[in-house]
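Chemist: To start, I am sharing the structure in question, which I have written as structure tokens.
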């Protein structure tokens with residue numbers, strides 16, 4: 001199936017689709033699952049669209065244009081730019097000649113080396129690709145040099161490459177990549193291409209590179225799933241049950257079918273993790289939505305989940321009164337509390353959170369005899385490919401997935417259950433059985449997206465601290481209560497050990513602070529039937545808040561400076577200390593905070609937290625007026641993430657993470673009323689407005705270590721640093737999110 005081509009952007013997207021159809025063949029002597037270049041496979045497209053395709057990650061055409069095939073989705077985080085930078089630097093390409101296309105679903109060639117499957121998540125894109133993509137570029141460079149040396153009859157060691165031009169200074173000969181492409185394709189693929197020393201990088205680590213996706217997005221040329229138009233395509237919008245677990249008892253589609261443009265109403269079963277529904281098929285999105293709204297559906301709620309948020313939280317409090325399963329133990333907590341001179345106790349409450357990305361869920365499906373083709377902002381290729389294959393009863397290799405841009409995700413498009421993708425396939429299958437053998441674009445409205453489940457779980461933490469007579473923190477006890485993200489998924493076997501879902505307690509079970517006696521225990525209720533899924537920063541979204549506000553409470557109880565106490569407790573953790581020192585130095589922590597206007601109290605708080613192998617420290621400054629209204633004035637952020645491949649992208653990810661975290665800290669909460677989701681759109685699930693965004697400064701801790709994550713680590717420290725700043729301004733401790741305003745009047 002081809003795209004309707006009506007402009008340059010469509011031609012570009014059509015080429016992306018063509019990439020998925022290329023039949024890659026195994027190179028001579030190359031193993032299918034890796035060789036001397038881990039994860040890089042020598043490959044040639046059977047149609048030989050470009051003369052030089054040295055491996056699965058790049059091609060060069062006769063004009064010298066370099067196309068990088070990105071195995072990771074671009075959803076705003078800068079993955080395309082980072083992957084292209086790694087290739088282009090080792091290749092010594094002209095950055096202006098580099099473009100990026102999404103790679104097709106092909107686990108053998110494009111798996112995430114950190115995950116073992118093809119997918120984007122866990123802030124692993126650059127970390128797992130750092131060596132792989134550099135080797136891909138270095139191999140291509142060596143082959144271009146070999147071709148030039150052979151043609152010019154010179155020693156390859158005397159040839160240089162820079163900005164897409166191969167030169168031999170002694171003879172004055174030179175050639176562009178395009179001129180050498182065909183000859184380079186005949187060169188042997190080097191077994192161990194030589195990589196640059198970091199001192200020779202020309203692109204990696206430079207702040208001024210133009211992002212590969214910026215121009216198309218600014219000019220509206222970028223193509224997302226919603227932009228896909230295929231011949232004969234129908235749009236599907238479904239009616240979903242108002243309560244999780246309800247099923248269709250019956251429906252009347254007569255009013256829907258009377259809407260101009262509506263052609264059918266299709267019941268579907270979906271996957272085992274998604275309630276059934278009824279989809280309206282129409283010639284366009286508006287007709288599909290109007291028809292869906294006109295449907296009359298009777299729901300069988302006999303097995304629906306009917307618990308409200310207040311009832312659920314009350315149950316969680318009861319569970320927290322019992323010990324739970326041990327997730328981490330150090331020393332003897334009971335003895336520490338028995339000897340304590342002071343005990344601090346606190347309950348922390350965290351609501352369900354919707355991902356609420358700007359592009360609601362959608363997916364385009366074309367079914368054929370024994371085959372399926374999908375167009376999607378694809379984040380979890382391997383999982384989606386298998387789930388679709390299982391649903392249709394076909395082999396995974398017969399499911400083609402074309403990777404498009406995604407308008408945000410924050411984890412939602414990486415569903416372990418492939419829920420929305422399987423739903424799209426189920427609707428397309430129903431349409432085909434009804435006689436509509438055409439592509440189907442499934443579209444979720446904002447309300448569908450907001451009420452569709454797969455939230456960050458709600459949690460309750462019950463915490464206790466034990467301080468001795470000298471104010472030293474001697475005991476730490478936290479009980480976590482909340483649903484498992486992993487149980488019931490394919491990841492359960494290696495991510496749930498002895499009943500402990502690692503994602504529920506990460507950030508607490510591996511607490512870096514040198515506290516001699518520690519206990520972290522977990523309750524995982526199995527009877528809460530709200531679909532849940534990982535969310536940007538996963539467990540760290542709640543564990544960092546508890547950890548960093550507790551340390552702040554301990555510091556104030558002991559009349560210690562919060563930074564000084566952290567320094568003491570983080571001995572032996574140089575990356576934590578480096579991030580902390582960088583942030584507090586930039587924020588001028590050692591100087592008094594500037595006073596506010598009359599009647600306004602100001603406060604400053606700090607937090608430092610490790611997630612996804614990066615450490616981020618943040619200092620937040622706030623103002624609270626006499627009426628208790630809160631204003632976040634400034635955030636100073638320091639990130640220790642190894643070598644920053646694209647410093648501008650790293651800074652953007654920290655800024656974006658801070659805005660994302662501030663949005664949830666101030667506003668984010670999904671609540672249930674007798675099992676029905678209360679929120680429906682941005683009027684009752686607000687996201688951060690531009691006037692609420694503080695000034696943000698980002699500082700990258702210098703390093704030549706391999707890169708670590710940046711997409712998620714900017715989120716966890718913000719909320720606790722904010723809460724600590726509020727305490728300094730008002731004396732009020734924040735233990736429930738989102739933050740309830742107005743705060744108590746400043747005193």
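In the UniProt record's numbering, the protein residues as written are 1 to 747.
All residues carry an ideal CB built from backbone N, CA and C; glycine is no exception.
Express the C-alpha separation of residue 342 and residue 125 in angstroms, rounding to a whole number.
Modeler: Here residue 125 refers to the residue found at position 125 when the chain shown is read from its first residue. Here residue 342 refers to the residue found at position 342 when the chain shown is read from its first residue. Distance between the alpha carbons of residue 125 and residue 342 is about 45 Å.
Chemist: The beta strand (DSSP E) spanning residue 224 covers which residue range?
Modeler: By one-based count along the chain shown, residue 224 stands at place 224. Element bounds for residue 224: n/a, residue is neither H nor E.
Chemist: Check each candidate in 246, 376, 177 and name the one with the smallest Cα separation from residue 73.
Modeler: Looking up residue 73 in the chain shown gives position 73. The option with the nearest alpha carbon to residue 73 is 376.
Chemist: What are the start and end residues of the beta strand (DSSP E) that includes residue 666?
Modeler: In the chain shown, the residue the question calls residue 666 occupies position 666. From DSSP, residue 666 is part of no beta strand (DSSP E) but of the alpha helix (DSSP H) over 647 to 666.
Chemist: Is the closest heavy atom of the ligand GDP to the C-beta of residue 728 under 7 Å?
Modeler: No copy of the ligand GDP occurs in the structure displayed, which carries no ligand at all.
Chemist: In terms of alpha-carbon separation, which member of 234, 294, 249, 241 lies closest to residue 259?
Modeler: Your numbering for residue 259 matches position 259 in the chain shown. Nearest option by C-alpha distance: 294.
Chemist: I'd like the list of long-range same chain contacts for residue 385, defined as Cβ closer than 7 Å, with 5 residues on each side in sequence excluded.
Modeler: Position 385 of the chain shown holds residue 385. Excluding residues within five positions, the ones whose Cβ falls inside 7 Å are 105, 396, 399, 401.
Chemist: When we look at the beta-carbon of residue 572 and count the other beta-carbons within 10 Å, is it buried (16 or more) or exposed?
Modeler: By one-based count along the chain shown, residue 572 stands at place 572. By the neighbour-count rule (16 or more Cβ atoms within 10 Å), residue 572 is not buried but exposed.
Chemist: Determine, using beta carbons only, whether residue 714 comes closer than 8 Å to chain D.
Modeler: Absence of chain D from the displayed structure is noted, only one protein chain being present.
Chemist: At what residues does the alpha helix (DSSP H) containing residue 128 begin and finish?
Modeler: For the purposes of this step, residue 128 is identified with residue 128 of the chain shown, where counting begins at 1. Where residue 128 is concerned, the enclosing alpha helix (DSSP H) stretches over 125 to 152.
Chemist: Residue 298 lies in the beta strand (DSSP E); which residues open and close that run?
Modeler: The residue given as residue 298 occupies position 298 in the chain shown. From DSSP, the beta strand (DSSP E) with residue 298 extends over 296 to 300.
Chemist: Could you tell me which residues DSSP puts in a beta bridge with residue 362?
Modeler: Within the chain shown, the letter at position 362 stands for residue 362. Answer is 443, bridged to residue 362.
Chemist: Going by the beta-carbon positions, is the gap between residue 640 and residue 615 smaller than 8 Å?
Modeler: Walking along the chain shown from the start, residue 640 turns up at place 640. Walking along the chain shown from the start, residue 615 turns up at place 615. Result yes, Cβ atoms of residue 640 and residue 615 sit closer than 8 Å.
Chemist: In angstroms with no decimal places, state the Cα-to-Cα distance between residue 672 and residue 383.
Modeler: Residue mapping note: residue 672 aligns to position 672 of the chain shown, counting from 1. Residue mapping note: residue 383 aligns to position 383 of the chain shown, counting from 1. Residue 672 and residue 383: Cα-Cα distance of roughly 30 Å.
Chemist: Does the Cβ-Cβ distance between residue 507 and residue 463 come in under 8 Å?
Modeler: In the chain shown, residue 507 corresponds to position 507, counting from 1. In the chain shown, residue 463 corresponds to position 463, counting from 1. Not in contact: residue 507 and residue 463 (Cβ atoms no closer than 8 Å).
Chemist: Please state the DSSP three-state secondary structure of residue 631.
Modeler: Residue mapping note: residue 631 aligns to position 631 of the chain shown, counting from 1. Strand, per DSSP.
Chemist: Should the segment 442 to 452 be called in touch with the segment 306 to 318, which here means at least 3 C-beta pairs below 8 Å?
Modeler: They do not touch, by the three-pair rule.
Chemist: So if DSSP puts residue 481 in a beta bridge, which residue, or which two residues, is it bridged to?
Modeler: Residue numbering aside, residue 481 sits at position 481 when the chain shown is read from its first letter. Partner(s): 460, 523.
Chemist: Please go through the same chain and pick out, in chain order, the residues whose beta-carbon is closer than 7 Å to the beta-carbon of residue 164, but skip the five residues on each side of it.
Modeler: For this step, residue 164 is matched to residue 164 along the chain shown. Same-chain partners within the cutoff: 64, 93, 94, 97, 176, 177.
Chemist: Quick check on residue 261: does DSSP put it in helix, strand or coil?
Modeler: Mapped onto the chain shown, residue 261 falls at position 261. If DSSP states are grouped into helix, strand and coil, residue 261 belongs with coil.
Chemist: Whose C-alpha, out of 481, 469, 387, is nearest the C-alpha of residue 490?
Modeler: For this step, residue 490 is matched to residue 490 along the chain shown. Looking at the Cα atoms, 387 is the closest of the given residues.
Chemist: Please say whether residue 579 and residue 698 have beta carbons closer to each other than 8 Å?
Modeler: The residue labelled residue 698 in the question sits at position 698 within the chain shown. The residue labelled residue 579 in the question sits at position 579 within the chain shown. Cβ atoms of residue 698 and residue 579: not closer than 8 Å.
Chemist: Using beta-carbon positions only, say whether residue 552 and residue 628 come within less than 8 Å of one another.
Modeler: Taking the chain shown and counting its residues from 1, one reaches residue 552 at position 552. Taking the chain shown and counting its residues from 1, one reaches residue 628 at position 628. Contact flag unset, no.
Chemist: Go ahead and label residue 162 buried or exposed: buried means 16 or more other beta carbons lie within 10 angstroms of its beta carbon, across all protein chains shown.
Modeler: Reading the chain shown from its first residue, position 162 is the one you call residue 162. Answer is exposed; the Cβ neighbour count stays below 16.
Chemist: Report, in whole angstroms, the separation of the C-beta atoms of residue 147 and residue 184, which I expect to be a contact under 8 Å.
Modeler: What you label residue 147 is simply residue 147 of the chain shown in a count that begins at 1. What you label residue 184 is simply residue 184 of the chain shown in a count that begins at 1. Yes, they are in contact, since the Cβ atoms of residue 147 and residue 184 sit about 4 Å apart, within 8 Å.
Chemist: Give the DSSP-derived three-state secondary structure of residue 430 in the structure shown.
Modeler: Locating residue 430 in the chain shown gives position 430, where the first residue counts as 1. In the structure shown, residue 430 sits in a helix (DSSP, three-state: H, G or I).
Chemist: Between residue 51 and residue 62, which are expected to be in contact by the criterion C-beta below 8 Å, what is the C-beta distance as a whole number of angstroms?
Modeler: What you label residue 51 is simply residue 51 of the chain shown in a count that begins at 1. What you label residue 62 is simply residue 62 of the chain shown in a count that begins at 1. The Cβ separation is near 6 Å, so the contact holds.
Chemist: Looking at residue 482: is its Cβ nearer than 8 Å to the Cβ of residue 457?
Modeler: On the chain shown, position 482 is the one that residue 482 refers to. On the chain shown, position 457 is the one that residue 457 refers to. Yes; because the gap between Cβ atoms is below 8 Å, this pair is in contact.
Chemist: If you compare alpha carbons, which of 380, 410, 371 is closest to residue 394?
Modeler: Position 394 of the chain shown, counted from the start, is the residue given in the question as residue 394. Measuring from the Cα of residue 394, the nearest candidate turns out to be 371.
Chemist: Please work out which residues of its chain come closer than 6 Å, Cβ to Cβ, to residue 187, disregarding the five sequence neighbours upstream and downstream, and give them in chain order.
Modeler: What you label residue 187 is simply residue 187 of the chain shown in a count that begins at 1. 143, 146, 147.
Chemist: Over what stretch of residues does the alpha helix (DSSP H) that includes residue 549 continue unbroken?
Modeler: Position 549 of the chain shown holds residue 549. Looking at the DSSP string, the run of the alpha helix (DSSP H) that includes residue 549 is 540 to 557.
Chemist: At the level of alpha carbons, what is the spacing between residue 650 and residue 122?
Modeler: In the chain shown, residue 650 corresponds to position 650, counting from 1. In the chain shown, residue 122 corresponds to position 122, counting from 1. Distance between the alpha carbons of residue 650 and residue 122 is about 15 Å.
Chemist: Does the contact criterion of 3 or more C-beta pairs under 8 Å hold for the segment 130 to 137 versus the segment 84 to 93?
Modeler: The segment 130 to 137 is in contact with the segment 84 to 93.
Chemist: Could you tell me the boundaries of the alpha helix (DSSP H) in which residue 80 lies?
Modeler: In the chain shown, counting from the first residue as 1, residue 80 sits at position 80. Here the alpha helix (DSSP H) through residue 80 covers 79 to 91.
Chemist: Report buried or exposed for residue 33, applying the criterion of at least 16 other Cβ atoms within 10 angstroms of its Cβ.
Modeler: As a working mapping, residue 33 is identified with position 33 in the chain shown. Only weak support is given to the placement of residue 33: the predicted model assigns it a pLDDT of 24, under 50, and the value that follows is read from those uncertain coordinates. The residue in question, residue 33, is exposed, as its Cβ has fewer than 16 Cβ neighbours within 10 Å.
Chemist: Does DSSP put residue 72 in a helix, in a strand, or in coil?
Modeler: Position 72 of the chain shown, counted from the first residue, corresponds to residue 72. Coil.
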